[in-house]
Amino acid sequence: MDLQLQGKRALVTGSTAGIGFAIAAELAREGARVVVNGRTGERVDEARRRIEEQHPGAQVTGAAADLSTAEGAERLIDACPDADILVNNVGIFEPRPFEQIADADWLRFFETNVMSGVRLSRHYLAGMRGRDWGRVVFISSESGINIPAEMIHYGVTKSAQISLARGLAETTTGTGVTVNSVLPGPTLSEGVGTFVRQLAVEQGVTAKEMEMRFFETARPSSLLKRFIDPEEVAHLVAYVCSPLSSATNGAALRAEGGVVRSML
60 MDLQLQGKRA LVTGSTAGIG FAIAAELARE GARVVVNGRT GERVDEARRR
110 IEEQHPGAQV TGAAADLSTA EGAERLIDAC PDADILVNNV GIFEPRPFEQ
160 IADADWLRFF ETNVMSGVRL SRHYLAGMRG RDWGRVVFIS SESGINIPAE
210 MIHYGVTKSA QISLARGLAE TTTGTGVTVN SVLPGPTLSE GVGTFVRQLA
260 VEQGVTAKEM EMRFFETARP SSLLKRFIDP EEVAHLVAYV CSPLSSATNG
310 AALRAEGGVV RSML
């Protein structure tokens, strides 16, 4: 299927690894002109080279900026003043008991997970409305619905992203611009893979057995019963970024392997 993304300008935040990298690579494969973003120039350059190796002829540039601050967002906007597609993927997470989550931690999570998307959307949506076409996608999480007790601050920011995407969609009425959120489930990013392998070694089991234990205990409602590949999320996101998805606006689209026990 041709997603009709040839030549579209796409900015994917937090795209040097994991889901963000997979999204950037998929959009580049479909012919979009992709801007890769990360906190350091070294990681951005490495991600760009990897995409170019995977997809010869891909149009990929990079912009290093720490989006946990307003200054970082401005730096990215200066480097990439315009975009047809904005994927707000950058985010942080860490397990911590609620009583140990300080105000500074709450603010750090909101600055990175929520305000980064607020700042960038505020800038790029204006140009999209002016051209009467654009796509904004927030990479949220099933944790925005199933708030995890072990990282409530993370879940709350993911709920906020879903609300933000829906609210912004309401501002696009009658235009060719759409705003949606995508909710991945437990995904086998580089960090998760390393963590699972370490646990497996500590408990004297294989990585596969450790994965099975995780879904038996931590995510028993999963229908998939395995970690999701980042590319599986990227396929959905690429479609949502496409002109073919014009009837999808204001939606919270789940790619979470059936972890959420609801039909809607």
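Numbered according to the working numbering, the sequence shown terminates at residue 323, and the numbering increases by one at each position without gaps.
The beta-carbon is built from N, C-alpha and C at its ideal position, and this holds for glycine as well.
(request) Look up T120 in the DSSP assignment and say whether it is helix, strand or coil. (result) By 1-based counting over the sequence shown, the position of residue 120 is 61. When secondary structure is reduced to three states using DSSP, T120 falls in the strand class.
(message) Judging by CA-CA distance, which residue of L145, E268, D125 is the nearest neighbour of I82?
(response) Counting from one through the sequence shown, the residue named residue 82 turns up at place 23. That would be L145, whose Cα lies nearest to the Cα of I82.
(message) Whether or not the region 183–195 and the region 154–171 are in contact is what I'm after, with contact meaning three or more pairs of Cβ atoms, one per stretch, closer than 8 Å; do they touch?
(response) no
(message) Assuming R134 is part of the beta strand (DSSP E), what are its boundary residues?
(response) As a first step, residue 134 must be located in the sequence shown, where it is residue number 75. Element bounds for R134: not the beta strand (DSSP E) but the alpha helix (DSSP H), 129–138.
(request) Could you spell out where the alpha helix (DSSP H) holding F197 opens and where it closes? (result) Your numbering for residue 197 matches position 138 in the sequence shown. Segment 193–198 is the beta strand (DSSP E) holding F197; no alpha helix (DSSP H) there.
(request) Compare the C-alpha of A163 against each of S127, R181, A117, M187 and name the closest. (result) On the sequence shown, residue 163 is found 104 positions in, with the first residue counted as 1. Nearest option by C-alpha distance: S127.
(message) For the region 309–319 against the region 277–286, do three or more pairs of beta-carbon atoms, one drawn from each stretch, fall closer than 8 Å, so that the two count as touching?
(response) yes
(request) Provide the residue span of the beta strand (DSSP E) that contains P207, from first to last. (result) Residue numbering aside, residue 207 sits at position 148 when the sequence shown is read from its first letter. Run containing P207: none; DSSP gives neither H nor E here.
(request) Count the other CB atoms, across all protein chains shown, that sit within 10 Å of the CB of D143; report buried if there are 16 or more and exposed otherwise. (result) Here residue 143 is taken as the residue at index 84 of the sequence shown, counted from 1. Under this definition D143 is a buried residue.
(request) Leaving aside the five residues before and after A91 along the sequence, list all residues of the same chain whose C-beta is less than 6 Å from its C-beta, in chain order. (result) Your numbering for residue 91 matches position 32 in the sequence shown. Within the same chain, L64, K67, A69 come within 6 Å of A91 by CB-CB distance, once the 5 residues on both sides are set aside.
(request) Would you check if the distance between the CB atom of V236 and the CB atom of L184 is smaller than 8 Å? (result) As a first step, residue 236 must be located in the sequence shown, where it is residue number 177. As a first step, residue 184 must be located in the sequence shown, where it is residue number 125. Going by C-beta atoms, V236 is nearer than 8 Å to L184.
(message) Using 8 Å for Cβ pairs, my map puts V149 next to A122. What's the rounded Cβ distance?
(response) Here residue 149 refers to the residue found at position 90 when the sequence shown is read from its first residue. Here residue 122 refers to the residue found at position 63 when the sequence shown is read from its first residue. That pair is no contact at about 12 Å.
(request) Use the C-beta contact count for M210: other C-beta atoms within 10 angstroms, 16 or more gives buried, fewer gives exposed. (result) Counting from one through the sequence shown, the residue named residue 210 turns up at place 151. Buried.
(request) Please determine, among S202, T232, T231, the residue with the shortest C-alpha to C-alpha distance to A219. (result) Working through the sequence shown from its first residue, we reach residue 219 at position 160. For A219, the nearest C-alpha among the options comes from S202.
(request) Please decide whether G77 counts as near chain B, where near means a Cβ-Cβ distance under 8 Å. (result) Among the chains in the structure shown there is no chain B, since it carries only a single protein chain.
(request) Flag this pair as yes or no: are the beta carbons of I78 and I198 separated by less than 8 Å? (result) If you number the sequence shown from 1, residue 78 lands on position 19. If you number the sequence shown from 1, residue 198 lands on position 139. Yes, Cβ-Cβ distance for I78 and I198 is below 8 Å.
(message) According to DSSP, is T232 part of a helix, a strand, or is it coil?
(response) Walking along the sequence shown from the start, residue 232 turns up at place 173. If DSSP states are grouped into helix, strand and coil, T232 belongs with coil.
(message) Would F168 and Y213 be called neighbours here (beta carbons separated by less than 8 Å)?
(response) The residue you call residue 168 lines up with position 109 of the sequence shown. The residue you call residue 213 lines up with position 154 of the sequence shown. The criterion of a C-beta distance shorter than 8 Å is satisfied by F168 and Y213.
(request) For M174, count neighbouring C-beta atoms within 10 Å of its own C-beta (all shown protein chains included) and say buried if the count is 16 or more, exposed if not. (result) In the sequence shown, the residue the question calls residue 174 occupies position 115. Counting Cβ neighbours within 10 Å, M174 comes out buried, since at least 16 surround it.
(request) Please specify which runs of the beta strand (DSSP E), each continuous and at least 3 residues long, are wholly inside the region 225–293, giving them in chain order. (result) 236–243
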